[in-house]
Amino acid sequence: MTAIHRMEIPVPFAVETVNVFLVEGETLTLIDTGTNTEEAKKALESQLGALGYKIEDIETVVITHHHADHCGLLNTFSEKVKIIGHPWNEPWITQNAEFLKRYHEFFKETALQFGVPAAFLNGEALLTTKTLKYSCNRSLTHTVREGDRIDSLPGFTVIETPGHASTHISLYRESDGILIGGDALISHISSNPILEPPYEGQTERARPLLQYNQTLKRLSEMNISRILSGHGEDVLNMKQLIETRLQKQETRAFKVLELLKEKPMTAFEVCVKLFPVLYKEQLPLTISETVGQLDFLAYNQQVMIDESSQQLIYYAK
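And the structure:
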């Protein structure tokens, strides 16, 4: 069986480290990279060295999604290396100026719809792109979608696992039930579904929490023995963990519904109730979480949305 080695790389984010995986086959494949920092690069070089390899020995890099802790070190690899991922990674990992401009416009427009005060739109409070300084500027050489296989990873199949990111893929080996899962499921923390702009061919934003719930339900129905996660330890109790996460999510949605029963509110007003301190420091994450709960309630026909003015007003049914 192909050997898979986990390497823990330090990152300058709250999660502190990210797991990247070296797969030893006929050629060497790295899954995810760590951030574009000197500390991460040194850690990757050191841990590869302990296995008897150098960065130059890696022939293929697969990224599970576009977040900087998973793709930031792509610039470290030579032009000969195959870079593989979901096609929607491309504008993020190349830091495409037109796409990023559209992203900022999207976030500003949606923030106003959600009732975010204009004062928040003048600073950096809404810029989830701040982490791009830890990312890369590199193109994919090959793209993959649902059901595809990667030559250097025999036995593995690509499955699309959106929610935490629309670009998210995982790699499933049916023969032994191994899933290299990125941030699809993490043992010690919940993956946070983050608002993203529509991609090419799309006319409206995705509903990331609904996508994520679907991903979790799909995983729970698969014959998965172990998830090699993007952070923390391997997930061995997948079905139980997914059940717990889905229950907690429903509890959070119920809390939002109770708030709306008191009075109709904008998404921002709900966000302030849920995160009275944190929203000032991490508005993109907190508004994404709040809108996710409202999307969930709307999908389940538990709230109504008044769209008659610029700001969306949510009412409990």
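Be aware that the sequence shown starts at 1433, since it is given in our numbering, and climbs by one per residue.
All C-beta atoms in this analysis are idealised placements derived from N, C-alpha and C, irrespective of residue type, glycine included.
Remember, it's a predicted structure, so these values are computed and weren't measured experimentally.
- Spanning the alpha carbons of H1499 and S1567 requires a straight line of approximately 8 Å.
- Segment contact: the region 1470 to 1490 against the region 1452 to 1462, three or more CB-CB distances shorter than 8 Å; contact assigned.
- Boundaries cannot be given for K1562, as no alpha helix (DSSP H) includes it and DSSP labels it neither H nor E.
- Setting aside the 5 residues that flank it on each side, R1677 is surrounded in the same chain by S1622, L1648, each with a C-beta closer than 7 Å to its C-beta; the list follows chain order.
- The C-beta distance from F1728 to L1617 rounds to 18 Å, too long to meet the 8 Å contact threshold.
- Counting C-beta pairs with one atom in each stretch, the region 1627 to 1637 and the region 1534 to 1550 have three or more that are closer than 8 Å, which means they touch.
- Judged by pairs of C-beta atoms under 8 Å, the region 1600 to 1614 touches the region 1657 to 1664, as three or more such pairs exist.
- T1683 counts as exposed, since fewer than 16 other beta carbons sit within 10 angstroms of its beta carbon.
- In terms of Cα proximity to W1524, the closest of E1511, G1609, L1506 is L1506.
- Leaving aside the five residues that flank T1469 on each side, the residues in its chain whose CB is nearer than 7 Å to its CB run, in chain order, P1444, Y1566.
- If you draw a straight line from the Cα of S1602 to the Cα of E1522, it is about 17 Å long.
- Of the residues D1464, T1722, N1669, V1735, the one whose Cα lies closest to the Cα of H1600 is D1464.
- With contacts defined by Cβ atoms closer than 8 Å, Q1643 and P1716 do not form a contacting pair.
- When secondary structure is reduced to three states using DSSP, Y1711 falls in the helix class.
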